[in-house]
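Oh and the first sequence: position 175 is 192 in the numbering used here, straight run, nothing missing.
We put the beta carbon where it would ideally sit given N, CA and C, even for glycine.
All of these numbers come straight from a predicted model, not from anything done at the bench.
Remarks on the structure that follows.
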Amino acid sequence: MKKKLNENYGYIFEQALLNEIEEVGKLQHLNEGETLINIQQKVLYMPLLLNGAIKIMREDDRGDELLLYYIEIGDTCSMTLNCCMGESLSEIKAIAEVDTEVILIPIQKMKEWLRKYDSWMKFVFDSFYNRTNEMLEAIDTLAFLDMKERLIKYLKDKAFINHTTSLNATHRDIASDLNTSRVVISRLLKKIEQEKKIKLYRNKIEVLEV
DNA sequence: ACATTAAGTGATT
DNA sequence: AATCACTTAATGT
């Protein structure tokens with residue numbers, strides 16, 4: 018853990034803070050598809066991403082999901098930052114997009130470190146800024162793009178996060194991430210394929226134009 | 001060979 | 001863009 022921590026955060030945090038993180042943090046491995054936190058669950062830890070990627074989903078009361086954005090290396094989730102004052106319930110659902118390693122930090126430490134370490138404060142503010150921007154982008158996407166454009170963006174993002182143009186996903190999965198129906202996705206994918214931007218297979222999509 | 005699941009399609013709203 | 005109803009294709013047992 019020490020090594021991985023240093024690789025990813027060695028340049029951001031001072032040594033004393035790194036030591037504390039090592040002391041109180043728990044290393045956790047998440048397999049692809051595993052849930053880090055679910056909606057309405059108590060937020061007890063703040064995750065520091067070491068590698069991999071996590072997708073952040075919103076969910077309505079019927080259980081319909083919507084992909085908001087991804088969290089990547091060196092990131093944390095700002096939703097947990099809101100919670101540093103006390104226990105609260107998660108507004109979002111976080112699922113590992115690929116195999117992922119995180120360090121879990123008890124949220125009580127967050128407040129304490131804010132006063133103690135400049136680098137921590139800077140990190141928290143930066144994270145806030147980054148998440149807010151991603152949130153705005155998610156809103157723009159929803160408000161201004163039609164389903165076809167959303168789908169293309171989705172494919173690009175997914176290819177980027179997974180570091181491959183060969184995506185393993187069913188039309189059903191995609192429809193659920195975008196909160197639409199499978200039929201719609203199938204038809205749009207067909208169109209996009211005809212435009213030579215992707216190639217379709219069973220359970221798999223090859224992204225050609227990136 | 002049969003059941004299950006993924007994907008394609010026309011028609012309707 | 002969503003839904004229905006149905007078909008076809010791929011895959012697992």
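Cβ pair L225, K213 closer than 8 Å: Start at 1 with the first residue of the first sequence, and residue 225 comes out as number 208. Start at 1 with the first residue of the first sequence, and residue 213 comes out as number 196. In this structure, L225 lies near K213, with their beta-carbon atoms less than 8 Å apart.
Under the three-state DSSP convention, the category V201 falls into: The sequence position of residue 201 within the first sequence is 184, counting from 1. Here V201 sits in helix by DSSP.
For N68, three-class secondary structure by DSSP: Within the first sequence, the letter at position 51 stands for residue 68. Reduced to three states, the DSSP call for N68 is strand.
Contact under 8 Å by Cβ, L53 with I120: The residue labelled residue 53 in the question sits at position 36 within the first sequence. The residue labelled residue 120 in the question sits at position 103 within the first sequence. No, they are not a contact pair.
Same chain, Cβ closer than 6 Å to K216, five either side skipped, listed in chain order: The count along the first sequence starts at 1 and reaches residue 216 at position 199. Only residues of its own chain outside the window of five on either side were considered, and among them E223 have a CB closer than 6 Å to the CB of K216, listed in chain order.
Rounded straight-line distance, which links the Cα of D143 to that of L83: Position 66 of the first sequence holds residue 83. Position 126 of the first sequence holds residue 143. Looking at the two C-alpha atoms, the distance is approximately 25 Å.
CA-to-CA distance, R132 to Y218, given in whole angstroms: Residue mapping note: residue 218 aligns to position 201 of the first sequence, counting from 1. Residue mapping note: residue 132 aligns to position 115 of the first sequence, counting from 1. Between Y218 and R132, the C-alpha separation is close to 53 Å.
Beta-carbon proximity check, Y86 vs E151, cutoff 8 Å: Numbered from 1 along the first sequence, position 69 holds the residue referred to as residue 86. Numbered from 1 along the first sequence, position 134 holds the residue referred to as residue 151. Against a cut-off of 8 Å, the Cβ pair of E151 and Y86 comes out as a contact.
Those runs of the beta strand (DSSP E) which lie wholly inside the stretch 112 to 152 and span at least 3 residues: Along the length of the stretch 112 to 152, whole beta strand (DSSP E) runs at least 3 residues long occupy 117 to 123, reported in chain order.
Collapsed DSSP secondary structure at R79 in the structure displayed: Taking the first residue of the first sequence as position 1, residue 79 is located at position 62. Looking at R79 - three-state DSSP - the assignment turns out to be coil, as it is neither helix nor strand.
First through last residue of the alpha helix (DSSP H) which encompasses Y171: Taking the first sequence and counting its residues from 1, one reaches residue 171 at position 154. Where Y171 is concerned, the enclosing alpha helix (DSSP H) stretches over 164 to 179.
Simplified DSSP state of K59, which is helix, strand or coil: As a first step, residue 59 is located in the first sequence; it is residue number 42 there, counting from the start. Of the three classes helix, strand and coil, the one that applies to K59 here is strand, per DSSP.
Contact under 8 Å by Cβ, T187 with N220: Numbered from 1 along the first sequence, position 170 holds the residue referred to as residue 187. Numbered from 1 along the first sequence, position 203 holds the residue referred to as residue 220. In this structure, N220 lies closer than 8 Å to T187 by Cβ.
Cα-Cα separation between N185 and E129, rounded to whole angstroms: Counted from its first residue, the first sequence places residue 185 at position 168. Counted from its first residue, the first sequence places residue 129 at position 112. N185 and E129: Cα-Cα distance of roughly 42 Å.
In DSSP terms, what S183 is bridged to: Looking up residue 183 in the first sequence gives position 166. The beta-bridge partner set that DSSP reports for S183 consists of E223.
Cut-off 6 Å between Cβ atoms - residues of its own chain near D92, not counting five sequence neighbours on either side: The residue labelled residue 92 in the question sits at position 75 within the first sequence. Around D92, the same chain offers L66 as residues with beta carbons nearer than 6 Å, after the five sequence neighbours per side are excluded.
Span of the beta strand (DSSP E) around K19: Sequence index remark: in the first sequence, residue 19 carries index 2 (1-based). Note, K19: premise wrong, no beta strand (DSSP E); alpha helix (DSSP H) at 19 to 26.
Three-state class that DSSP yields for T93 in the structure shown: Here the question's residue 93 lines up with position 76 in the first sequence. The three-state secondary structure of T93, taken from DSSP, is coil.
Extent of the continuous beta strand (DSSP E) run through L217: Taking the first sequence and counting its residues from 1, the one referred to as residue 217 is at position 200. Run containing L217: 215 to 218, per the beta strand (DSSP E) assignment.
C-alpha distance - M18 paired with Q32, whole-angstrom precision: Residue 18 sits at position 1 when you count from the first residue of the first sequence. Residue 32 sits at position 15 when you count from the first residue of the first sequence. C-alpha of M18 to C-alpha of Q32: approximately 14 Å in a straight line.
N36 versus T97 - alpha carbon distance: On the first sequence, residue 36 is found 19 positions in, with the first residue counted as 1. On the first sequence, residue 97 is found 80 positions in, with the first residue counted as 1. N36 and T97 have their C-alpha atoms roughly 22 Å apart.
Sequence-distant residues of the same chain with beta carbon closer than 7 Å to T158, five excluded per side: In the first sequence, residue 158 corresponds to position 141, counting from 1. Around T158: R167, K170.
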